[in-house]
Every structure is written in C-alpha cells, then in structure tokens.
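Asks: Note that the sequence shown ends on residue 223 in this note's numbering; no numbers are left out.
To start, I am sharing the structure in question, which I have written as structure tokens.
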Amino acid sequence: MNSSNFKTHPLLKNGHIGTLATHFGRKVADLPYERQRINTPDDDFLDLDWIRKDSQKLIILSHGLEGSSRATYIQGMMRFLVDNGFDGLAWNCRGCSGEPNKQPFFYHSGASYDLETVVEHVLKTTDYKEIYLIGFSLGGNITLKYLGEKSQAISKRIKKGIAFSVPTDLGASAIELDRGFSQVYMFNFLWTLKRKIRSKRQLISKHVLEIDKLHRI
7 MNSSNFKTHP LLKNGHIGTL ATHFGRKVAD LPYERQRINT PDDDFLDLDW
57 IRKDSQKLII LSHGLEGSSR ATYIQGMMRF LVDNGFDGLA WNCRGCSGEP
107 NKQPFFYHSG ASYDLETVVE HVLKTTDYKE IYLIGFSLGG NITLKYLGEK
157 SQAISKRIKK GIAFSVPTDL GASAIELDRG FSQVYMFNFL WTLKRKIRSK
207 RQLISKHVLE IDKLHRI
C-alpha cells in the first residue's frame, strides 16, 4: 500500500469539523448532467447522470449512504475530473435519483449487482478505452466488493478502482454511528430513509413490513 503525503488543514483535523465544514461550507455549482435510465435484471431501474466531452477515458462515480449524483462531493470530483480530460458518469442507487424505484427494497452496502449493471451497460454501449471506478463511503464498499467479485474476470478496459472513507467493517461502523456526536449523522440517515419507506407504503405493505412501527426506530 502506498503511503500518502496528504496533510489535513490545521482547522479541520477533527473529523466531525471536517465533515460539517465541507457539507455546509463547500459550494459547487450544479453540473449540466445528461440523464439516462437503464433497466435492471429484476424489473427495476437505475438513473445515470453523464458529462460527456468526447474523451476516451471514463470515470464511474458511486455515492455514499443517502447521497446522489447531486451530492457536493460527487459533483466536485466530477467537475475536477472532467476538467482534466475525463468523461464522467455518476449513477444513483435505487431510490436516490429523486424518484422512487419500483421494487420494495432500495439499496445497501453490498449492492454490487447494481454497479455491475452500470458497468456492463457502459461496456456494451460505449467504446471507452479506459474506465476507472471511484466510490465514496457506501459507494466505496460497493466498488471494492464489485472488483473483488470480478477478480481476474474483470474487463481489461477497467483500469483502476479508488475508494474513499470506506466502512469495510459494517458492524463496527454501525456501532460507532450510534455513539456520541455520530448520532447526528445516524438520525439524519434514519429521517431520510424512513421518508422513503413511507413514500412506498402501499408497495412495501404487500411484503408484510409493519410501516406503522417505523417511529420506534
């Protein structure tokens, strides 16, 4: 593993301060995405947001828990890479593109099958010579899991995978999320996830999930 020469800004050495400062203080103008919807093998859909500049190199970005292609960190990375000669594709996990998905379930840290659907679509419908995968947090989990599952069978057009802030030990991460100031993040995640579940009340109720008890979580 290569060592990094990255040095945190003196005012951002605390992880919580760094997280909140970038969330509330960083401004990135919305990118002019071109949206494409593709079908999944289980009769659902995924929304892909593209920036095309006629490059032969493509970056595929995977967002974190309750993020989307519009997340500041995704658009910031997309803008930087497009400005440096790449085309970009930011895909949205199920239910994260602004429209409820069709299946009763959403997404999770092990949903590498959806990234596989995205990658296979790109491989079959484009002629990019170099493809790079980048994932943040939950998206990093999905990216690394996909690469591990494909192993030696992966397309030679996929050159590298990069993952940021990955909760590789999901059990330990869940425990940490329920401690101290981290509970602020947990409650925010729960609020948006509960809202999504309630929006699909009729569909989910067919699968015997007791939605009326959501308030207890």
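Each residue gets a CB set at the ideal place from its N, CA and C atoms; glycine is no exception.
Every value quoted in this text rests on a predicted model; they were computed, and no experiment measured them.
(1) With the cut-off set at 8 Å, would you say F92 and G101 are in Cβ contact?
(2) Kindly indicate which three-state DSSP category F51 falls into: helix, strand or coil?
(3) For W197, does the count of other Cβ atoms within 10 angstroms reach 16, so buried, or fall short, so exposed?
(4) Short check: CB of A117 to CB of G146, under 8 Å?
(5) Does S103 pass the burial test, meaning 16 or more other C-beta atoms within 10 Å, or should it be called exposed?
(6) Nearest-angstrom Cα distance between T132 and P106?
(7) According to DSSP, S68 sits in a beta bridge with which residue or residues?
(8) Return the CA-CA distance between F195 and R58, expressed in angstroms with no decimal places.
(9) Exposed or buried, V124, counting other C-beta atoms within 10 Å across all chains shown (16 or more means buried)?
(10) A35 by DSSP, collapsed to three states: which one?
(11) Please confirm whether E72 and L150 have their CB atoms less than 8 Å apart.
(12) Quick check: the Cα distance between G167 and L87, rounded to an integer number of angstroms?
(13) Y39 and D55 - do their beta-carbons sit closer together than 8 Å?
(14) Between the C-alpha atoms of L176 and P110, what's the straight-line distance to the nearest angstrom?
(15) Are L139 and I203 closer than 8 Å when you measure CB to CB?
(16) Taking only beta-carbon atoms, is G101 less than 8 Å away from chain D?
(17) What does the alpha-carbon distance come out to for the pair S68 and R85?
(18) Could you name the residues of the same chain whose beta carbon sits closer than 7 Å to that of S161, not counting the 5 residues immediately before and after it, in chain order?
(19) For R74 versus N98, is the C-beta distance shorter than 8 Å?
(20) Mapping DSSP to helix, strand and coil, what is I181?
(21) Identify the continuous alpha helix (DSSP H) that holds G82 and give its terminal residues.
(22) Would you check if the distance between the CB atom of T174 and the CB atom of D120 is smaller than 8 Å?
(23) The alpha helix (DSSP H) spanning K200 covers which residue range?
Replies: Here's the rundown:
(1) The sequence position of residue 92 within the sequence shown is 86, counting from 1. The sequence position of residue 101 within the sequence shown is 95, counting from 1. Between F92 and G101, the C-beta gap is not smaller than 8 Å, which leaves the two residues out of contact.
(2) Along the sequence shown, read from residue 1 onward, the residue named residue 51 stands at position 45. Note: F51 maps to strand in three-state DSSP.
(3) Start at 1 with the first residue of the sequence shown, and residue 197 comes out as number 191. Exposed, by the Cβ-count rule.
(4) Start at 1 with the first residue of the sequence shown, and residue 117 comes out as number 111. Start at 1 with the first residue of the sequence shown, and residue 146 comes out as number 140. Result no, Cβ atoms of A117 and G146 do not sit closer than 8 Å.
(5) As a working mapping, residue 103 is identified with position 97 in the sequence shown. Its Cβ being crowded by 16 or more others within 10 Å, S103 is buried.
(6) Stepping through the sequence shown from its first residue, residue 132 is reached at position 126. Stepping through the sequence shown from its first residue, residue 106 is reached at position 100. Distance from the CA of T132 to the CA of P106, rounded to the nearest whole angstrom, comes to 28 Å.
(7) Residue numbering aside, residue 68 sits at position 62 when the sequence shown is read from its first letter. DSSP lists W97 and G141 as the beta-bridge partner residues of S68.
(8) Mapped onto the sequence shown, residue 195 falls at position 189. Mapped onto the sequence shown, residue 58 falls at position 52. Looking at the two C-alpha atoms, the distance is approximately 32 Å.
(9) In the sequence shown, the residue the question calls residue 124 occupies position 118. Looking at its Cβ environment, which holds 16 or more other Cβ atoms inside 10 Å, V124 is buried.
(10) Numbered from 1 along the sequence shown, position 29 holds the residue referred to as residue 35. Of the three classes helix, strand and coil, the one that applies to A35 here is coil, per DSSP.
(11) As a working mapping, residue 72 is identified with position 66 in the sequence shown. As a working mapping, residue 150 is identified with position 144 in the sequence shown. At least 8 Å separates the beta-carbon of E72 from that of L150.
(12) Start at 1 with the first residue of the sequence shown, and residue 167 comes out as number 161. Start at 1 with the first residue of the sequence shown, and residue 87 comes out as number 81. So the alpha carbons of these two residues sit roughly 15 Å apart.
(13) The count along the sequence shown starts at 1 and reaches residue 55 at position 49. The count along the sequence shown starts at 1 and reaches residue 39 at position 33. Contact: yes.
(14) Reading the sequence shown from its first residue, position 170 is the one you call residue 176. Reading the sequence shown from its first residue, position 104 is the one you call residue 110. C-alpha of L176 to C-alpha of P110: approximately 23 Å in a straight line.
(15) Counted from its first residue, the sequence shown places residue 139 at position 133. Counted from its first residue, the sequence shown places residue 203 at position 197. No, these two residues do not count as a Cβ contact at 8 Å.
(16) Chain labels in this structure do not include chain D; a single protein chain is all it has.
(17) As a first step, residue 68 must be located in the sequence shown, where it is residue number 62. As a first step, residue 85 must be located in the sequence shown, where it is residue number 79. One alpha carbon belongs to S68, the other to R85, and they sit about 15 Å apart.
(18) As a first step, residue 161 is located in the sequence shown; it is residue number 155 there, counting from the start. Closer than 7 Å at Cβ, skipping near neighbours: L129.
(19) Position 68 of the sequence shown, counting from 1, holds the residue named residue 74. Position 92 of the sequence shown, counting from 1, holds the residue named residue 98. With the sequence shown as reference, residue 74 is identified as Ser, and Arg is not the correct amino acid for it. It is a contact, given that the beta carbons lie within the stated cut-off.
(20) Here residue 181 is taken as the residue at index 175 of the sequence shown, counted from 1. Helix.
(21) Here residue 82 refers to the residue found at position 76 when the sequence shown is read from its first residue. DSSP places G82 inside the alpha helix (DSSP H), whose first and last residues are T78 to D89.
(22) Reading the sequence shown from its first residue, position 168 is the one you call residue 174. Reading the sequence shown from its first residue, position 114 is the one you call residue 120. It is not a contact, given that the beta carbons lie outside the stated cut-off.
(23) Your numbering for residue 200 matches position 194 in the sequence shown. For K200, the uninterrupted alpha helix (DSSP H) run begins and ends at Q189 to S205, by DSSP.
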